[in-house]
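Chains as they are written, first to last, in this note's numbering: chain H, 1 to 541; chain P, 542 to 643. First comes the structure, then the notes that go with it.
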Amino acid sequence: MNMRAEIARLAYGGRTASIGFAHGPFVRVDAATNAARAVGAPKEEERALRAALISAGRQIAALASAAGGEAAQILEFQVALLDDQDFLDPIFAAILAGTPADAAWLAALDEQIADYNSAPDEYLQARSSDLMDLRDRVIRTLRGGENAAPNIPGGAVICADDLPPSQFLEIDWSRGGGLALLRGSPTSHVAMLARARGIPMVVQLGSVSAEAETALLDGEGATLELDPSAEQVGLFERRRDVHHKHRASARALLRRPAASWGGEKIRLLINVQRVEDLDHADAQYADGIGLMRTEFLFGGQAGLPDEETQYRAYDAVLRWAGKRSVTIRTFDAGGDKPVPGFTKKGEANPFLGVRGLRLCLARPDVFAVQLRALARAALHANLKVMFPMVTTPEELEAGRNLFADVVGKLRVEGVAAVLPEIGIMVEVPAAALTIGRFKASFFSIGSNDLAQYVTACDRTNGALAKLIDPLNPAVLELIGRTAEYGKRAGISVSLCGDMAGDPRCIPALLSSGVRELSVNPSALAQVKQTIDGLSRGDSRD
Amino acid sequence: MLESRQPNGQVITGSVQLIHAAGMHARPAVKLTKLAKKFKAQISVRASDTADWINAKSVAKIMALRAARDSIIEIEASGEDAEAAVAALIDLVATDFPDTGQ
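Laid out in structure tokens, this is it:
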């Protein structure tokens, strides 16, 4: 029987860009073929391009005002480029020197697009589709081709190589549907638009056969199935119904006091970058603050923050939290977070350089100011302080000794101060492998840096995005060892990297023994829902 | 940080740290150039003390800065409203490009 093989051939896997489910007619949308145009004298060519730019600007403005909100903001980048003399002047100069208008425009845009595509950061790469959108719109206008939207039936699963934002907005999504892209990126503007509208979207599907009548698009499992069998449709509908039920209960769930898994309580904490992050509507439902970053204090004005500025920020967060625990991480500068006047300049490998606690110990003048502010704030009993980027127990002890000295000096000055509980980030493999040597009150696994150091992948290098998988068994092994040691020794272990907010990683983390997760406030509802689903024995993987 | 390089106030300079999580991406770049264009002054920016100064009113140039989160943006302006321009741009970056509403 070849039935199974046949079904497998028509199922494609990609990456999730927007969660949701679509079942409908399958429609291919491909780039229109370019028509040739007659070339005029340089002056006429210049006028032709100016007219095309004005017309393109009007089309985009009309789309933006119809769509409003986030879509309008996304299109503003294109509008700004149409009004950018530095950008347009060389194009008009080339035209006046004899280049046809369309060729000059294409050359300038293609150069920009190639530049964005070669950027190391996935976010910048994704901007190239905005530029392609603008390039093609102006070319269509210039070449006189009507930019009629393709005839797309309602509720269709639309498949394209990539899709520019303006084309997304030209499609009627009022009857649902979904978007399946062979290339594309989860951080593209189209993906933001799809998420904002609740349109399921899967990207990076590779090559997909051109012909099919109907399609199933599962934005959660990141799959596309073409001309599905009744069995496939049945399974798809079950996944969809389960997803809808979960989403409806997410907000209600958030208000329930505690998440639990296998009868054990799972503490859900939040990461905050700035005091204002506590304004997020969901922050109040957190069991505490698992990570308060303090690097933001360097922002705004130049120079290092003084003791009062720091004290006010720490005090505000501790007051907000009340009886709930707050873990404040000491300055984690260096690596990809340089701070002028503090971090070392000219390091060949900043991620392997003088960063985190290493830098603070090298600059006790700066560190002491932070420790003074923390020791004063520690009069609130809910404060815990954590050192980042710790490699050896000697570093932890050096930090603790400095802290104790600071507390002693404050008391001599007659200032009330307390030495809070001190813990460490577990992100250097050497620390994770010898965790029992550290006399810490708590451990917090920094999974982003741990994965970076275990897999030997610079996490800012987009070309290594697949290799730096936090679910690599070596990373999970170190997380598991840390959690197991914590359980045995009665020391709490939390995890505060991106893994904690990723529904795909949560089962592995819970299985590894992690019982405290710290995530951005916006991810709290989804994480609670995921844990709730897992504890109900729901297997949705 | 705002300072006048010459006592007669010809060239105004300032610097501010970029706190935006994604760095100087499309929306911040659009907001920055839109604000810069409201001033008559000639305004230049750069994202490191070795880079060339670029026109703060060009969104293509601002995006090409590739300014990452936490980089220091230096601003230099000359002309009648230079001081107000530098102050306004510093405020925009320091407050993380707030949505002002329409």
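C-beta atoms are modelled at their ideal positions from N, C-alpha and C, and glycine is treated no differently.
Contact of Q558 of chain P with chain H is assigned, a C-beta pair being separated by under 8 Å.
Of all residues in the region 71–82 of chain H, only Q73, E76, F77, A80, L81 come within less than 7 Å of chain P when Cβ atoms are compared, listed by chain position. Not flagged as an interface residue toward chain P: Q284 of chain H, since no C-beta distance is shorter than 8 Å. Taking 9 Å as the upper bound on Cβ-Cβ separation, chain P lies near residues Q112, D115 of the region 90–115 of chain H.
At a cut-off of 3 residues, the continuous stretches assigned as beta strand (DSSP E) that sit fully inside the region 131–216 of chain H are 157–160, 178–181, 201–203.
Contacts between D611 of chain P and chain H, judged by CB atoms closer than 9 Å, involve E295, F298, G299, A333, D336, K337, P338, V339 in chain order.
Proximity of the region 372–386 of chain H to the region 396–414 of chain H meets the contact definition, three or more beta-carbon pairs being nearer than 8 Å.
Non-local beta-carbon contacts of R135 of chain H in its own chain, meaning distances under 6 Å to residues more than five positions away in sequence, involve L109 in chain order. Counting along the chain, T327 of chain H sits inside the beta strand (DSSP E) bounded by residues 325–329. Here K466 of chain H is exposed. Its C-beta has fewer than 16 other C-beta atoms within 10 Å.
For N401 of chain H, the enclosing alpha helix (DSSP H) covers residues 393–412. In the three-state DSSP reduction, T294 of chain H falls in the coil class, being neither helix nor strand.
A431 of chain H carries a helical assignment under DSSP once its states are collapsed to helix, strand and coil. Only exposed fits P153 of chain H, as fewer than 16 other CB atoms lie within 10 angstroms of its CB. S585 of chain P has a beta carbon lying at 8 Å or more from every beta carbon in chain H. Residue burial annotation: I54 of chain H is exposed, with fewer than 16 other C-beta atoms found within 10 angstroms of its C-beta. Taking 8 Å as the Cβ-Cβ cut-off, the region 610–642 of chain P approaches chain H at R610, D611, S612, I613, A635, given in chain order. In the three-state scheme derived from DSSP, where H, G and I count as helix and E and B as strand, D306 of chain H is classed as coil. A buried status is given to L534 of chain H, since no fewer than 16 other beta-carbon atoms sit within 10 Å of its beta-carbon. The beta-carbon separation of A333 of chain H and R355 of chain H, rounded to 7 Å, stays under the 8 Å limit for a contact. Under the 8 Å criterion on CB atoms, D84 of chain H is classed as interfacial with respect to chain P. Under the three-state reduction of DSSP output, S619 of chain P falls in the strand class.
Per the DSSP secondary-structure output, R28 of chain H pairs in a beta bridge with H:C159. Out of H:A348, H:S325, H:A430, the CA that lies nearest to the CA of H380 of chain H is found in H:S325. Comparing C-alpha distances from D83 of chain H to each of P:V600, P:H561, P:I613 shows the shortest one belongs to P:V600. Listed in chain order, the non-local C-beta contacts of T574 of chain P below 8 Å within the same chain comprise A597, K598, S599, V600, I603, local neighbours out to five positions each way being set aside.
Under the DSSP assignment, I445 of chain H falls in the beta strand (DSSP E) whose first and last residues are 442–445. Between R329 of chain H and P393 of chain H the beta-carbon gap is near 19 Å, outside 8 Å, which marks them as no contact. DSSP links V586 of chain P through a beta bridge to P:I595, P:I616. Annotation: G555 of chain P to A489 of chain H spans about 52 Å, alpha carbon to alpha carbon.
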